[in-house]
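Participant: Input: one structure, supplied below.
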Amino acid sequence: MEVRLEGTGGPEGWPVPGCPCASCGRLAPGHRRPSSIVLDGRVRLAEARPAAGYVIRETADGREVTGPDGGRLLYAAGPATGSPRRDADAPFDVVLMDLPDRPERLGDLRRRGRVTPATRIIAVHLDHRVPAESELARRLGFWGAAAVPDGTVVHTASAEAPPWVRPRRTLLLGGSRSGKSEEAELRLAAEPEVTYVATGPSGGDDPAWLARVRAHRERRPAHWQTIETTDLVSVLSCGPRTLLVDGIGTWLAAVFDECAAWPDGTASTGHRAALDRVAERCDALTAAWRGTRARVVAVSDEVGLGVIPATPAGRLFRDALGRLNQALARESEDVALVVSGRVVPLPL
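Each residue of the sequence shown is one higher than the last, beginning at 545 in the working numbering.
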């Protein structure tokens, strides 16, 4: 099938006429017209009227089209409707998807084999939900997808997906409420399988902490697995898979607890031995990070930019986490600092 993308923008295009937001203000009028896709010059995809030789059906994955030549296309924009998804259905040659909406839908399609490495994935319905074209391209790179200009023509028979290249180890640093956890989840949203490794405390009956944990859980795709553990060495040593570790700071705090290493006001031999145990655990984590076969994105707190902590425990923890962040960063292909939701790459 010939797939002509006459427009790739949202329902009102991008920029949205009259919209005062920063995203729309960065673009010239008509930058992306409202999404409009025509198949073989005969079938307008949004209307999906019956046409000889085409099989069109509405499913929970979106509007599925099989053309006269056997080419398969999925148009996934708007709420999912139709019959239940069937894992046995054949994969698609081309997927046109509203990725700014729910990129985890792409991960689910991959998990079920409906999107393969050969599937070309093109983002449509693009609008001011994304701050800028540069940010769109950055996100799509994480998801193995691409955006194309209005007027682009692709063919299901010759569609070639570019290689989906991701770094093995990524360390995301940031302060409290900087957006670092959201950035980690965004980077892995389109992965077929993700294990979320929560290293923080359960929260007990603290309402504020429980609400924070609940918000994190509700953001995650339903098909992700979650484990709660501080044994990161074992997790990193379990072979190829995709991990999101949130986070290194809470892991280190738990290690201080387990090693009884918090300062007690004395410089006793026992406290020095406890600090040595903490250092050994940090060295073991760094070695496991260096040797892991998993693809892993880890979140850690950047604690060296604020005021000097007022307590000995605060200063001890800050220094230990700073050293651990440095050690992990040295063994990472990708390191970034997240500040107010903006991502600043930290190149070598």
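Beta carbons are placed, not taken as given, at the ideal position from N, Cα and C, and that holds for glycine.
Runs of 3 residues minimum, wholly inside the stretch 644-684: which ones carry the beta strand (DSSP E) assignment?
Facilitator: Correct list: 664-667.
Participant: Can you tell which of Ala662, Pro693 and Val843 has its C-alpha closest to the C-alpha of Glu677?
Facilitator: That would be Pro693, whose Cα lies nearest to the Cα of Glu677.
Participant: Less than 8 angstroms separating the beta-carbons of Ala703 and Arg654?
Facilitator: No.
Participant: Enumerate, from N- to C-terminal direction, the unbroken alpha helix (DSSP H) stretches of 4 or more residues contained entirely within the stretch 690-733.
Facilitator: The qualifying runs are 724-732.
Participant: Could you tell me if Asp801 is buried or exposed, where buried requires 16 or more neighbouring beta carbons within 10 angstroms of its beta carbon?
Facilitator: That one is exposed.
Participant: What does Gln769 pair with, by DSSP beta-bridge criteria?
Facilitator: In the DSSP output, where bridge partners are listed per residue, Gln769 has Thr739.
Participant: In terms of alpha-carbon separation, which member of Ala838, Val697 and Ser844 lies closest to Pro784?
Facilitator: Of the listed residues, the one whose Cα sits closest to Pro784 is Ala838.
Participant: Could you check what DSSP says for Gly781 in three-state terms: helix, strand or coil?
Facilitator: Reading off the sequence, residue 781 comes out as Ser, not Gly. Ser781 falls in the coil class under three-state DSSP.
Participant: Pop quiz: Arg586 and Ala595 are said to be a contact at Cβ under 8 angstroms. What is the actual Cβ separation, rounded to whole angstroms?
Facilitator: 6 angstroms between Cβ atoms; contact.
Participant: Specify whether the stretch 829-843 and the stretch 773-791 touch according to this definition: at least 3 beta carbon pairs, one from each stretch, less than 8 angstroms apart.
Facilitator: They touch, by the three-pair rule.
Participant: Go ahead and label Pro765 buried or exposed: buried means 16 or more other beta carbons lie within 10 angstroms of its beta carbon, across all protein chains shown.
Facilitator: Pro765 should be labelled buried.
Participant: Which residue from Ile792, Asp863 and Ser812 puts its Cα closest to that of Asp845?
Facilitator: Comparing Cα positions, the closest option is Ile792.
Participant: Could you tell me the boundaries of the alpha helix (DSSP H) in which Arg816 lies?
Facilitator: Looking at the DSSP string, the run of the alpha helix (DSSP H) that includes Arg816 is Thr813 to Gly835.
Participant: Could you check which residue in Glu550, Glu546 and Asp652 has the C-alpha nearest to that of Asp613?
Facilitator: For Asp613, the nearest C-alpha among the options comes from Glu546.
Participant: Counting Cβ pairs closer than 8 angstroms, one from the stretch 679-697 and one from the stretch 803-823, do we hit at least three?
Facilitator: Result no; under three Cβ-Cβ pairs closer than 8 angstroms.
Participant: To the nearest whole angstrom, what separates the beta carbons of Tyr619 and Gly606, a pair I think is in contact under 8 angstroms?
Facilitator: Going by Cβ atoms, the distance from Tyr619 to Gly606 rounds to 5 angstroms, so yes, they are a contact pair.
Participant: Taking the straight line between their C-alpha atoms, what separation do you get for Cys568 and Ala733?
Facilitator: Cα-Cα distance, rounded: 25 angstroms.
Participant: Using the beta-carbon count (16 or more within 10 Å), is Ser720 buried or exposed?
Facilitator: With fewer than 16 other Cβ atoms within 10 Å, it is exposed.
Participant: Just verifying my parser: in three-state terms, what is the DSSP assignment at Gly793?
Facilitator: Helix, per DSSP.
Participant: Which residues in the same chain as Cys565 place their Cβ atom closer than 8 angstroms to its Cβ, once the five residues preceding and following it in sequence are excluded?
Facilitator: Excluding residues within five positions, the ones whose Cβ falls inside 8 angstroms are His672.
Participant: Assuming Leu787 and Val851 are in contact, meaning their beta carbons sit under 8 angstroms apart, how far apart are those beta carbons, in whole angstroms?
Facilitator: Contact flag wrong, Cβ pair sits at about 33 angstroms.
Participant: Name the one or two DSSP bridge partners that Arg586 has.
Facilitator: Its beta-bridge partners do not exist; DSSP assigns none.
Participant: State the start and end residues of the unbroken beta strand (DSSP E) segment that holds Ala878.
Facilitator: Residue identity check: residue 878 is Asp in the sequence provided, not Ala. Run containing Asp878: Asp878 to Val883, per the beta strand (DSSP E) assignment.
Participant: What is the DSSP secondary structure of Pro853, counted as helix, strand or coil?
Facilitator: DSSP places Pro853 in coil when its eight states are reduced to three.
Participant: Counting along the chain, where does the alpha helix (DSSP H) carrying Val569 start and finish?
Facilitator: The residue asked about is misnamed: residue 569 is Gly in this sequence, not Val. Run containing Gly569: Ala566 to Gly569, per the alpha helix (DSSP H) assignment.
Participant: Return the first residue and the last residue of the beta strand (DSSP E) that Leu892 is part of.
Facilitator: Per DSSP, Leu892 belongs to no beta strand (DSSP E) and is neither H nor E.
Participant: Is it buried or exposed for Asp827, if we count other Cβ within 10 angstroms and need 16 for buried?
Facilitator: That one is exposed.
Participant: So which of Ala823, Val841 and Phe861 has the shortest CA-CA distance to Pro498?
Facilitator: With the chain represented from 545 up to 892, any question about residue 498 goes unanswered, as that position is not in the structure.
Participant: Would you list the one or two residues that DSSP bridges to Val639?
Facilitator: For Val639, which the question treats as bridged, DSSP gives the partners Leu618 and Ile665.
Participant: To the nearest angstrom, how far is the alpha carbon of Leu640 from that of Ala691?
Facilitator: If you take the alpha carbons of Leu640 and Ala691, they lie about 10 angstroms apart.
Participant: Would you decide whether Leu890 is buried or exposed? Buried here means 16 or more other CB atoms lie within 10 Å of its CB.
Facilitator: Leu890 comes out exposed.
Participant: Is the distance from the Cβ of Thr794 to the Cβ of Gly744 below 8 angstroms?
Facilitator: Yes, the Cβ-Cβ distance between Thr794 and Gly744 is below 8 angstroms.
Participant: Check whether the Cβ atoms of Thr836 and Leu780 sit closer than 8 angstroms, and answer yes or no.
Facilitator: Yes, Cβ-Cβ distance for Thr836 and Leu780 is below 8 angstroms.
Participant: Within the same chain, show all residues whose beta-carbon is closer than 6 angstroms to that of Gly557, passing over the 5 residues directly before and after it, in chain order.
Facilitator: Excluding sequence neighbours, Gly557 sits near Arg576, Arg577 and Pro578.
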